[in-house]
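One point on numbering: in the working numbering, the residue at position 55 of the sequence shown is 55, and numbering is uninterrupted. Glycine included, C-beta positions come from ideal geometry on N, C-alpha and C. Below you'll find the structure, written out as structure tokens, and then a few comments.
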Amino acid sequence: QPRTLYNTGQIAKVPYLLGSNTDEGTLFLPAAKPMTDQQYMDALTAMFGATAAGQVATVYKVTDFANGLPNPQTAALARVIGDSRLVCTTFDTAERMAHAGVPVYMYNFDVPVPVAISATLGATHGSELTSVFGTSPTFAADPAGKAVSDLMQRYWTNFASTGDPNGGSDLKWPALTEAMNVRVNFALQQPSIVTDFRATQCAFWRAGYDMQFVGP
């Protein structure tokens, strides 16, 4: 098991840069259609089984997504999918790498895809790639998005060159440690350092990683 290798230090002792996006799960819903409370619970039951579905619904309360698009229930399900399969699994990997004694730099990407593409995807799975590679066709009319892309490319280039994303006068990107859940948040306003990102949710998934998916 990869987690066993991380825990025993049997990994390449090189720096790592990894992260996730705010709205990872929206890409994996068949369609961003409003759903009811019952449909939300039915979806959780299909994914995790009846007993675990109730536990998940306690952590991901529909009322916590009052402003979610296209409605709170769908937004809650998208967050469950994103956290359980991507956000928290990535964080779990990063923590285990840090435990093994290697430098780990984490990010969260929080720049929504253009509304012309989708009003509900947000910063979805894979949407950071056009910023990392500077290939978005919208940059000419989007100076804020272009600035985020330029910054990310500087960080990624520094990391590829030296194993450390930092350099120059850009915001210092701290390494994640076992004692400090920290990452850079890339947003249109300004990049920032965030701590304890979705700590409660990721602790829940870590405790239940033996909880097997029973559906797609």
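1) Could you tell me the distance, in whole angstroms, from the CA atom of residue 165 to the CA atom of residue 183?
2) I'd like the list of long-range same chain contacts for residue 213, defined as Cβ closer than 8 Å, with 5 residues on each side in sequence excluded.
3) Going by beta-carbon coordinates alone, are residue 6 and residue 106 separated by less than 8 Å?
4) For residue 215 and residue 50, what's the separation of their Cα atoms in angstroms?
5) State whether the region 22-34 contacts the region 119-129, with contact taken as three or more CB pairs (one from each stretch) at a distance under 8 Å.
6) Would you decide whether residue 171 is buried or exposed? Buried here means 16 or more other CB atoms lie within 10 Å of its CB.
7) For residue 158, does the three-state DSSP call read helix, strand or coil?
8) Using a Cβ-based criterion (distance less than 7 Å to any ligand heavy atom), does residue 161 qualify as near the ligand MG?
9) Indicate the three-state DSSP secondary structure (helix, strand or coil) for residue 117 in the structure shown.
10) Counting only C-beta atoms, is residue 51 closer than 8 Å to chain D at any point?
11) Quick check on the burial criterion: 16 or more other C-beta atoms within 10 angstroms. Buried or exposed for residue 81?
12) Near residue 84, which residues of its chain fall below 7 Å by C-beta distance, leaving aside the five closest residues on each side in sequence?
13) Looking only at C-alpha atoms, which of 33, 103, 40, 168 sits nearest to residue 180?
14) Leaving aside the five residues before and after residue 111 along the sequence, list all residues of the same chain whose C-beta is less than 8 Å from its C-beta, in chain order.
15) Short check: CB of residue 115 to CB of residue 20, under 8 Å?
So, to answer that:
1) For the purposes of this step, residue 165 is taken as the residue at position 165 of the sequence shown. For the purposes of this step, residue 183 is taken as the residue at position 183 of the sequence shown. In a straight line, the C-alpha of residue 165 is about 12 Å away from that of residue 183.
2) The residue given as residue 213 occupies position 213 in the sequence shown. Caution is warranted here: a pLDDT of 40 is assigned to residue 213, below 50, making its placement in the model unreliable, and the coordinate value is therefore given only provisionally. Around residue 213: 47, 48.
3) What you label residue 6 is simply residue 6 of the sequence shown in a count that begins at 1. What you label residue 106 is simply residue 106 of the sequence shown in a count that begins at 1. Result no, Cβ atoms of residue 6 and residue 106 do not sit closer than 8 Å.
4) Locating residue 215 in the sequence shown gives position 215, where the first residue counts as 1. Locating residue 50 in the sequence shown gives position 50, where the first residue counts as 1. Per-residue confidence for residue 215 stands at a pLDDT of 41, beneath the threshold of 50, marking its modelled position as unreliable; the derived number appears in the next sentence. Distance between the alpha carbons of residue 215 and residue 50: 12 Å.
5) yes
6) As a position in the sequence shown, residue 171 is number 171, starting the count at 1. It is exposed - the Cβ of residue 171 has fewer than 16 other Cβ atoms within 10 Å.
7) Here residue 158 refers to the residue found at position 158 of the sequence shown. Correct three-state label for residue 158: helix.
8) No copy of the ligand MG appears in this structure; indeed no ligand is present at all.
9) Residue 117 sits at position 117 when you count from the first residue of the sequence shown. If DSSP states are grouped into helix, strand and coil, residue 117 belongs with coil.
10) In the displayed structure, chain D is absent; only one protein chain is listed.
11) Here residue 81 is taken as the residue at index 81 of the sequence shown, counted from 1. With 16 or more Cβ atoms within 10 Å of its Cβ, residue 81 is classed as buried.
12) As a working note, residue 84 is residue 84 in the sequence shown. Here the set comprises 205.
13) As a first step, residue 180 must be located in the sequence shown, where it is residue number 180. Residue nearest to residue 180 within the set 33, 103, 40, 168 is 103 (criterion: CA-CA distance).
14) On the sequence shown, residue 111 is found 111 positions in, with the first residue counted as 1. Only residues of its own chain outside the window of five on either side were considered, and among them 123, 127, 128, 131, 145, 148, 186, 187, 188 have a CB closer than 8 Å to the CB of residue 111, listed in chain order.
15) Reading the sequence shown from its first residue, position 115 is the one you call residue 115. Reading the sequence shown from its first residue, position 20 is the one you call residue 20. Not closer than 8 Å, so no.
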